[in-house]
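> Plus 863 on top of the position in the sequence shown (first one is 1) and you've got my numbering.
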Amino acid sequence: MTFSANPNYSLVKIKKTFNKLNIVLPRKRIDNIRVIALTVKYLIVAAFGLSFFPISGIGLMAGILPALGITVPLLLIWLAVIDQFIISDFGNHKICFNEDNFSIELWIFTFRRSIKSGKIRDIRDVFQSIIRLGKEDNLQLESHQEKEMITIQTEYKRFSFGIGLSAQECLWIAQEIKDWLRGR
864 MTFSANPNYS LVKIKKTFNK LNIVLPRKRI DNIRVIALTV KYLIVAAFGL SFFPISGIGL
924 MAGILPALGI TVPLLLIWLA VIDQFIISDF GNHKICFNED NFSIELWIFT FRRSIKSGKI
984 RDIRDVFQSI IRLGKEDNLQ LESHQEKEMI TIQTEYKRFS FGIGLSAQEC LWIAQEIKDW
1044 LRGR
């Protein structure tokens, strides 16, 4: 088994054998300032969400259907926001290749939240790419931020992961995948 550790500052873990390639992308680091920020963020979100319960309770007791018609969708939106926050703050990706298949798994703590998979034989290219985050204004895209990522192009679709890694890390990971695919 080969362990790659380049670039030096990277927390990405790569394990290679002839038959398998496993890549683990790190979770965001949590330091003291981040703990405070996360606490405040989740307290605000919790207070906002918990404010729906009295409204929906009153609506149930009074038999007011419009109150439920408003609070149920808002509650579902609130739960979706919490889900995205948890993924963003505590999630990490594991990318696994074996002889026939590859998978990109999203993990929250010790739970696999989602999996996307494809066939090795369908891979056409692996490369570093950029996603531009911006806003649409007068039919023009103003680029506010660009984030690096790795893309696996298959015959049928694209699989992207590693959004937010450095350009050097993305190039390194893409090259490691290409080298493993070629060496099989």
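Where a beta carbon is used, it is the ideal one built from N, C-alpha and C, also for glycine.
The alpha helix (DSSP H) spanning R1047 covers which residue range?
It is not in any alpha helix (DSSP H) - R1047 carries neither H nor E in the DSSP assignment.
> Can you look up T1014 in the DSSP assignment and give me helix, strand or coil?
Here T1014 sits in strand by DSSP.
> From the DSSP output, read off the bridge partner residues of Q1038.
Its beta-bridge partners do not exist; DSSP assigns none.
> Leaving out five residues on either side along the sequence, give the residues of the same chain with a beta carbon under 8 Å from the beta carbon of K1046.
In the sequence as displayed, the identity of residue 1046 is Gly instead of Lys. These residues qualify, in order along the chain: F881.
> How would you call E1032, buried or exposed, if buried means at least 16 neighbouring beta carbons within 10 angstroms?
Its Cβ being crowded by 16 or more others within 10 Å, E1032 is buried.
> Report all residues from its chain with a CB closer than 6 Å to the CB of S873; omit the five preceding and five following residues, and keep chain order.
Correct list, in chain order: E1032.
> Using DSSP with H/G/I as helix, E/B as strand and the rest coil, what is F881?
Coil, per DSSP.
> Under the assumption that E1011 contacts A1037 (Cβ atoms under 8 Å), give the Cβ distance between them as a whole number of angstroms.
Incorrect: roughly 10 Å between the Cβ atoms, too far for contact.
> Is DSSP giving N964 helix, strand or coil here?
DSSP places N964 in strand when its eight states are reduced to three.
> Where does I1026 fall in DSSP's three states?
Strand.
> Decide if E1039 is buried, meaning its Cβ has at least 16 other Cβ atoms within 10 Å, or exposed.
It is buried - the Cβ of E1039 has at least 16 other Cβ atoms within 10 Å.
> What does the alpha-carbon distance come out to for the pair L937 and F911?
Spanning the two alpha carbons is a distance of roughly 10 Å.
> Count the other CB atoms, across all protein chains shown, that sit within 10 Å of the CB of V903; report buried if there are 16 or more and exposed otherwise.
Label assigned to V903: exposed.
> For E1018, collect the residues of the same chain with a Cβ closer than 7 Å to its Cβ; drop the 5 residues on either side in sequence, then sort them by chain order.
Taken in chain order, the residues that qualify are D985, R987.
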